[in-house]
Amino acid sequence: MEKKIKITSFKHGGGAGGQNKNKVSSSADLRLSLDNLDPKFFSDTEKVLIKEYFVKKHPGQWVGSTSEIHMVASGERDLAQNIKEVKQRLLTAIEEALNPPEERNKKIPEIAKKKRKAAGRGAKLAEWKNKKKQPLD
2 MEKKIKITSF KHGGGAGGQN KNKVSSSADL RLSLDNLDPK FFSDTEKVLI KEYFVKKHPG
62 QWVGSTSEIH MVASGERDLA QNIKEVKQRL LTAIEEALNP PEERNKKIPE IAKKKRKAAG
122 RGAKLAEWKN KKKQPLD
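Sequence positions in the sequence shown follow our numbering and run 2 to 138.
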């Protein structure tokens with residue numbers, strides 16, 4: 002898969018570096034086309050999962066017209082570090098897309114409902130009225 006990831010261009014980066022950042026091309030610009038990927042890397046269903054993940058979670062990194070993932074790293078002074086960072090971010094995002102976290106059960110337990118209803122609004126109101134006012138001295 003590493004061979005299919007192409008780093009298309011390098012431009013002057015942000016981050017630390019002073020005047021050097023204006024002269025040296027250290028920003029890594031990564032583009033990965035899902036359409037041109039070899040089927041041995043990802044099945045069609047996995048490609049759909051990856052596409053949906055990027056459209057929902059990272060819409061700025063998805064180029065819909067060409068079905069490409071586009072990522073940029075320019076935080077470091079060194080080009081090699083930026084390339085490493087952008088590849089790592091891509092692999093992490095793909096792993097997250099293929100293994101989504103399990104959804105939480107949002108159902109409230111019956112015991113908690115019964116306790117809350119038993120206490121009711123009257124109990125909270127009485128508690129609030131019984132609080133003594135503190136002098137401001």
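Don't be surprised by glycine CBs; every beta carbon is placed ideally from N, CA and C.
For residue i, which residues from the same chain have a beta carbon less than 8 Å from its beta carbon, with the 5 sequence-adjacent residues on both sides left out?
i: leucine 91; result: Ile6, Leu31, Leu33, Ile70 and Met72
Quickly, what does DSSP pair residue i with across the bridge? List them, please.
i: valine 64; result: Glu69
Just how far apart, CA to CA, sit residue i and residue j?
i: glutamate 96; j: phenylalanine 43; result: 12 Å
i: lysine 88; j: aspartate 79; result: 15 Å
i: asparagine 83; j: threonine 46; result: 30 Å
i: lysine 116; j: proline 102; result: 31 Å
i: proline 40; j: lysine 107; result: 38 Å
i: arginine 105; j: alanine 81; result: 40 Å
i: glutamate 111; j: alanine 120; result: 14 Å
With distances taken Cα to Cα, identify the nearest neighbour of residue i among the options.
i: alanine 29; options: Lys41, Lys57, Trp63 and Ala74; result: Ala74
i: threonine 67; options: Ala113, Lys52 and Pro40; result: Lys52
i: isoleucine 109; options: Pro40, Glu103 and Lys118; result: Lys118
i: histidine 59; options: Glu111, Ala120, Asn106 and Ala94; result: Ala94
i: leucine 35; options: Asn106, Ser26 and Lys48; result: Lys48
i: serine 27; options: Lys114, Lys41 and Gly76; result: Gly76
Going along the chain, which residues of its own chain have a beta-carbon closer than 7 Å to the beta-carbon of residue i, five neighbours each way excluded?
i: glutamine 62; result: Phe55, Ile70, His71 and Met72
i: leucine 50; result: Ala98 and Leu99
i: lysine 57; result: none
i: valine 64; result: His71
Got a sec: is the Cβ-Cβ distance from residue i to anything in chain D below 9 Å?
i: alanine 81; result: Of the chains in the structure shown, none is chain D; there is only one protein chain.
Starting from the C-beta of residue i, find all residues in its chain whose C-beta is less than 6 Å away, skip the five residues before and the five after it, and write them out in chain order.
i: glutamate 86; result: Ala74
According to DSSP, is residue i helix, strand or coil?
i: glutamate 103; result: coil
i: isoleucine 84; result: helix
i: aspartate 45; result: helix
i: leucine 38; result: coil
i: lysine 57; result: helix
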